[in-house]
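Scroll down for the structure; my scribbles are underneath it.
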Amino acid sequence: MAAYDLIAAEYYSEVKHGACRNFRQASETLVKAMIDIQPEDKVLEVGAGMSFAAPLMKEQNLSLSNLCLADSSDGMLSHSEKWRAEGATLLLSAAEAIPLADKSINIVISLMGDPYNNPLFWLEMSRVLSSQGQIIMTVPAYQWNRLHGDGQQAIFTTEKGKRVSVPSFVFEYQQQVMMVERVGFLLEEYCLFSKGELQGKVSKAFVSTDDDQAIVEAYLFQKAT
Ligand SMILES: C[S@@+](CC[C@H](N)C(=O)[O-])C[C@H]1O[C@@H](n2cnc3c(N)ncnc32)[C@H](O)[C@@H]1O
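Every letter in the sequence shown is one number past the one before it in this note's numbering, and letter 107, counting from 1, is 106.
Take a look at the structure:
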């Protein structure tokens with residue numbers, strides 16, 4: 000059982016996991032501004048949970064048969080079940096071993112990809128992406144994360160009070176870029192989302208965060224060859 004299966008049922012609960020909702024809003028805003036999906040693009044969303052790419056592609060009248068949604072947690076992937084009927088392919092799969100052919104994808108999208116932000120994952124992305132393919136990933140902002148975590152794990156407290164630890168790898172900018180460029184990518188764009196940009200209710204996880212402090216970072220890389 001994947002660690003996220005223990006929290007999958009309540010991950011999108013507005014009441015309990017406000018920080019997840021705030022991270023999601025920040026990630027959606029950044030990714031929408033940074034990527035441009037074309038009708039012929041083959042798109043892979045990794046760690047999809049409740050897919051971001053599917054509703055976006057539908058809104059843009061793009062065929063969901065060009066979309067694969069991968070997640071290692073059955074419970075998290077089930078939040079995207081409805082997109083199967085619209086043509087998307089759902090893959091219960093580790094991000095580090097995606098069952099897709101070499102160079103078969105043009106765009107990879109990963110919202111809050113810190114659980115699998117490791118060298119093996121980036122190597123796998125360089126395998127599945129075509130030449131000049133792009134990958135965008137959001138992660139919790141490094142400075143915020145350092146005040147609230149250790150850069151290796153995140154702790155969720157469930158509605159029943161159980162503490163669940165999940166992997167969470169968050170690196171300082173230079174280290175992140177070096178890890179990814181080492182396997183054949185080039186950084187194209189880097190953007191931040193600050194707490195003050197949040198709309199609606201702000202989670203208590205950000206109570207001690209200043210409005211101008213970043214809570215989410217987005218990295219857009221392009222495969223060099
Ligand atoms: C922080 S959640 C983000 C979910 C979704 N992208 C969102 O923003 O709402 C991380 C997701 O990555 C998935 N995940 C964690 N480790 C993974 C791995 N090694 N391979 C694939 N998916 C993984 C989890 O099951 C979960 O759905």
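Note that beta-carbon positions come from the ideal geometry of N, C-alpha and C, so glycine has one too.
- When only Cα atoms are considered, GLY46 and GLY199 end up about 25 Å apart.
- Counted as a single uninterrupted DSSP element, the stretch harbouring GLY17 is not any beta strand (DSSP E) but the alpha helix (DSSP H) occupying residues 17-33.
- For ASP35, the shortest separation between its Cβ and any heavy atom of ligand 1 does not lie below 8 Å.
- Secondary structure of GLU123 (DSSP, three-state): helix.
- If you draw a 10 Å sphere on the C-beta of PRO98, you find fewer than 16 other C-beta atoms in it, and that means exposed.
- A distance below 9 Å separates the beta carbons of VAL169 and TYR141.
- For ASP101, same chain residues with a beta-carbon under 8 Å away, outside a window of 5 residues either side, are ARG126, VAL127 in chain order.
- Taken from the Cβ of PHE168, every heavy atom of ligand 1 lies 8 Å or farther away.
- Measuring C-alpha to C-alpha distances from CYS19 to each of ASN116, GLU95, VAL107, GLY112 identifies GLY112 as the nearest.
- Counting the other Cβ atoms within 10 Å of the Cβ of ILE214 gives 16 or more, which makes it buried.
- Only buried fits ASN105, as 16 or more other CB atoms lie within 10 angstroms of its CB.
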